[in-house]
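See structure below.
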Amino acid sequence: MQDSYVATNLATKLDDCFVRREPLGVVLIIGAWNYPLQLILSPLIGAIAAGNCAILKPSEISQATEKLIAELIPKYLSQECYAVICGGAEETKTLLENKFDHIFYTGSQSVARCILQAAVVHLTPVTLELGGKCPCLIYGRLDMKAAAKRLVWAKFFNAGQSCVAPDYVLCTAETREMLLPFIKEALESFYGSEPQQSPDMGRIVTDRHWNRLVELLKKSEGKVVIGGQSVKETKYIAPTVVVDIKESDALMQEEIFGPILPILTIKSLDEGINFMNEREKPLALYAFSDESQVVKTVLERTSSGGFCSNDGIAHMTLPGLPFGGVGASGMGNYHGRWSFETFSHKRGCMLRGWGLERVNVLRYPPYTESNLSWLRWATTAKKKGWASCSVM
Ligand code: NAD
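Residues in the sequence shown are numbered consecutively from 1, following my numbering.
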């Protein structure tokens, strides 16, 4: 939080030149339902650290958590600085008519458009934490058993309702055949032979979301090789794996956000990379391989919010890494120090005195070639000095 000093040149040698992080003011934090507590509290920590006041708008879909946040925040935080507003789309739209100093939104791409439109009116800066289809490319030599475990955990954690869950797998037919028995084994070791009975297998958040997923599965022309069962009353969908998926399949038209994993077959690494690059930049991109050259190639030739090799979701647990999307998966980032930066204005400050007037007069008219060359020399920052400049 301390001012970070930057390099000076001869013309500014006697001045204090620094970046000061200032609070933005009042920020609006709008959360989604899939991690309803964390998606409100984690940005709030950054907002408080940077000295802001905040209005919190938890998701109305996860009602119990919404109620808890509304009850506990006024109990533990200053009511002058922090407030919770409950409600859905209509309440949020009304809230958005007010002028905020920053809007931090987590949710879907479609609602993000409404948020941006509302922000335009007041020229409010926004952070958009969105979703999309996160690919997992599995290629070359690798430990299939460990890969299956990590993939299954990342995909079926919270019943697949994670913005960074691998949405689909890209691999060769040979890899798929080797992987499938290990996926079955991993599922059984995590959730037992009847996942419906497992206390560790989540449920789908609402009937509407359950219907959407069951419809997607019905419309899919792929072959269900694992799972496929669903129970409306308990909003259960079994961990499901679907193969023989074409690009045009229903499962490939939108973010799945549920416990259904399509596996698409590719013939080469190039084909996999091209497939991912033909689509919107995802929030996370995963590459599984024992061959470091494969991982490097995928990292270099693709773009995504975050990248993780040989695991899923793991990268977002490290506070040192910025978490956020790029392109259609969002703008801006947070977590750890990055949250503090998001909620801070970086004010470039120069505290000048009256010294070195001989150098300063060089910029005044009448302009001459000789003054210009002296100025060039005097205003060049010494390379060494940049080391003291915070790049964040
Ligand atoms: P949601 O329905 O809970 O909506 C998010 C918020 O927007 C809620 O607070 C809701 O009240 C509000 N809202 C809904 N409609 C609105 C409207 N028309 N105008 C203004 N506000 C409105 O959540 P969701 O959108 O279904 O969330 C799921 C999406 O969020 C997925 O795409 C997922 O990938 C993404 N997500 C992203 C992250 C991330 O960190 N990048 C985290 C979690 C979820």
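Yeah, the Cβ is synthetic: ideal placement off N, Cα and C, and Gly gets one too.
Is any non-hydrogen atom of the ligand NAD found closer than 6 Å to the C-beta of Glu-66, if you look at the structure I gave you?
Within the sequence shown, residue 66 is the residue found at index 66, counting from 1. No.
Where do the ends of the beta strand (DSSP E) carrying Thr-265 lie?
Indexing the sequence shown from 1 puts residue 265 at position 265. Element bounds for Thr-265: 260–265.
Indicate whether Ile-313 and Ala-154 have their beta-carbon atoms separated by less than 7 Å.
Taking the first residue of the sequence shown as position 1, residue 313 is located at position 313. Taking the first residue of the sequence shown as position 1, residue 154 is located at position 154. Ile-313 places its beta carbon less than 7 Å from that of Ala-154.
For the candidate residues Gln-253, Gly-222, Leu-261 and Thr-106, whose alpha-carbon lies nearest to that of Phe-157?
Numbered from 1 along the sequence shown, position 157 holds the residue referred to as residue 157. The option with the nearest alpha carbon to Phe-157 is Leu-261.
Tell me which same chain residues have a C-beta within less than 6 Å of the C-beta of Leu-56, skipping the five on either side of it?
Counted from its first residue, the sequence shown places residue 56 at position 56. Contacts found: Ile-29, Ile-40 and Val-84.
Cutting at 6 Å between CB atoms, please list the residues of its own chain near Gly-398, excluding the five before and the five after it.
Outside the shown range of the chain, which is 1 to 392, sits residue 398, and nothing can be said about it.
Please classify Tyr-286 as buried or exposed, where buried requires at least 16 other C-beta atoms within 10 Å of its C-beta.
Along the sequence shown, read from residue 1 onward, the residue named residue 286 stands at position 286. That one is buried.
Just the Cα atoms here: how many angstroms apart are Ala-148 and Val-169?
Within the sequence shown, numbered from 1, the residue matching residue 148 stands at position 148. Within the sequence shown, numbered from 1, the residue matching residue 169 stands at position 169. For Ala-148 and Val-169, the distance between alpha carbons rounds to 11 Å.
Within 8 Å, do at least three Cβ pairs link the stretch 187–196 to the stretch 205–220?
no
Over the uninterrupted alpha helix (DSSP H) stretch that includes Gly-228, give me the two end residues.
The residue given as residue 228 occupies position 228 in the sequence shown. That residue, Gly-228, is in no alpha helix (DSSP H); it is neither H nor E in DSSP.
Using the Cβ count rule (16 or more neighbours within 10 Å means buried), how would you classify Asn-277?
Translated into the one-based positions of the sequence shown, residue 277 becomes position 277. Its Cβ having fewer than 16 others within 10 Å, Asn-277 is exposed.
Pop quiz: Gly-222 and Asp-200 are said to be a contact at Cβ under 8 Å. What is the actual Cβ separation, rounded to whole angstroms?
Residue mapping note: residue 222 aligns to position 222 of the sequence shown, counting from 1. Residue mapping note: residue 200 aligns to position 200 of the sequence shown, counting from 1. About 26 Å; that fails the 8 Å criterion.
Please find out if some non-hydrogen atom of the ligand NAD comes closer than 6 Å to the beta-carbon of Glu-97.
Here the question's residue 97 lines up with position 97 in the sequence shown. No, since every heavy atom of the ligand NAD falls outside the 6 Å radius drawn around the Cβ of Glu-97.
Since Tyr-76 sits in a beta bridge, which residues does DSSP pair it with?
For this step, residue 76 is matched to residue 76 along the sequence shown. The beta-bridge partner set that DSSP reports for Tyr-76 is empty.
Identify which residue in Lys-296, Gln-161 and Glu-185 has its Cα closest to the Cα of Ala-146.
What you label residue 146 is simply residue 146 of the sequence shown in a count that begins at 1. Measuring from the Cα of Ala-146, the nearest candidate turns out to be Glu-185.
Tell me Lys-223's beta-bridge partners as DSSP assigns them.
Taking the sequence shown and counting its residues from 1, one reaches residue 223 at position 223. Lys-223 is bridged to Val-243.
Over what stretch of residues does the beta strand (DSSP E) that includes Phe-257 continue unbroken?
Indexing the sequence shown from 1 puts residue 257 at position 257. Taken as a continuous stretch (DSSP letters only), Phe-257 belongs to no beta strand (DSSP E), as it is neither H nor E.
Buried or exposed for Glu-129, please, with buried defined as at least 16 other CB atoms from any protein chain shown within 10 angstroms of its CB.
Looking up residue 129 in the sequence shown gives position 129. The residue is buried, with at least 16 neighbouring Cβ atoms inside 10 Å.
Met-252 lies in the beta strand (DSSP E); which residues open and close that run?
The count along the sequence shown starts at 1 and reaches residue 252 at position 252. No beta strand (DSSP E) contains Met-252, which DSSP labels as neither H nor E.
Can you grab the Cα-Cα spacing for the pair Lys-75 / Leu-321, in whole Å?
Here the question's residue 75 lines up with position 75 in the sequence shown. Here the question's residue 321 lines up with position 321 in the sequence shown. Cα to Cα, Lys-75 sits roughly 32 Å from Leu-321.
Excluding sequence positions up to five away, which residues of its chain have a Cβ less than 8 Å from the Cβ of Tyr-334?
Residue numbering aside, residue 334 sits at position 334 when the sequence shown is read from its first letter. Correct list, in chain order: Ser-42, Pro-43, Gly-46, Phe-104, Thr-127, Glu-129, Pro-322, Phe-323, Gly-324 and Thr-342.
Considering Thr-12, what are the terminal residues of the beta strand (DSSP E) in which it resides?
As a working note, residue 12 is residue 12 in the sequence shown. Where Thr-12 is concerned, there is no enclosing beta strand (DSSP E), because DSSP gives it neither an H nor an E.
Restricting to Cα atoms, I'd like to know which of Leu-142, His-122, Ala-119 and Pro-166 is closest to Gly-131.
Position 131 of the sequence shown, counting from 1, holds the residue named residue 131. Among Leu-142, His-122, Ala-119 and Pro-166, the Cα nearest to that of Gly-131 belongs to Pro-166.
Excluding five sequence neighbours on each side, which residues of the same chain lie with their C-beta closer than 8 Å to the C-beta of Asn-360?
Working through the sequence shown from its first residue, we reach residue 360 at position 360. Ala-11, listed in sequence order.
Between the Cα of Ser-304 and those of Val-121, Thr-8 and Glu-280, spot the shortest distance and give me the residue it belongs to.
To locate residue 304, count along the sequence shown from 1; it is residue 304. Of Val-121, Thr-8 and Glu-280, the residue nearest in Cα terms is Glu-280.
In three-state DSSP terms, what is Gly-409?
No answer is possible for residue 409: the residues shown for the chain start at 1 and end at 392.
Starting from the Cα of Cys-171, find the closest Cα among Leu-151, Ser-162 and Glu-22 and give me that residue.
Mapped onto the sequence shown, residue 171 falls at position 171. Among Leu-151, Ser-162 and Glu-22, the Cα nearest to that of Cys-171 is on Leu-151.
Counting along the chain, where does the alpha helix (DSSP H) carrying Ile-45 start and finish?
On the sequence shown, residue 45 is found 45 positions in, with the first residue counted as 1. Ile-45 -> alpha helix (DSSP H) spans 38–49.
Does the beta carbon of Thr-106 fall short of 6 Å from some heavy atom of the ligand NAD?
Locating residue 106 in the sequence shown gives position 106, where the first residue counts as 1. True, at least one ligand heavy atom lies under 6 Å from that Cβ.
Suppose you measure from the CA of Ser-292 to the CA of Thr-265; what does that come to, to the nearest Å?
Within the sequence shown, the letter at position 292 stands for residue 292. Within the sequence shown, the letter at position 265 stands for residue 265. Straight-line Cα distance between these residues: approximately 22 Å.
At what residues does the beta strand (DSSP E) containing Ala-83 begin and finish?
Here residue 83 corresponds to residue number 83 of the sequence shown, with the count starting at 1. Here the beta strand (DSSP E) through Ala-83 covers 82–84.
With DSSP run on the structure shown, which of helix, strand or coil describes Val-164?
Counting from 1 along the sequence shown, the entry for residue 164 is found at position 164. In this structure, Val-164 counts as coil in the three-state DSSP scheme.
On the criterion of 16 or more Cβ atoms from any shown chain inside 10 Å, does Ser-390 qualify as buried, or is it exposed?
Position 390 of the sequence shown holds residue 390. Here Ser-390 scores only 39 on pLDDT, less than 50, and its place in the model should not be relied on; the value that follows carries that caveat. Within a 10 Å sphere around the beta-carbon of Ser-390 sit fewer than 16 other beta-carbons, which makes this residue exposed.
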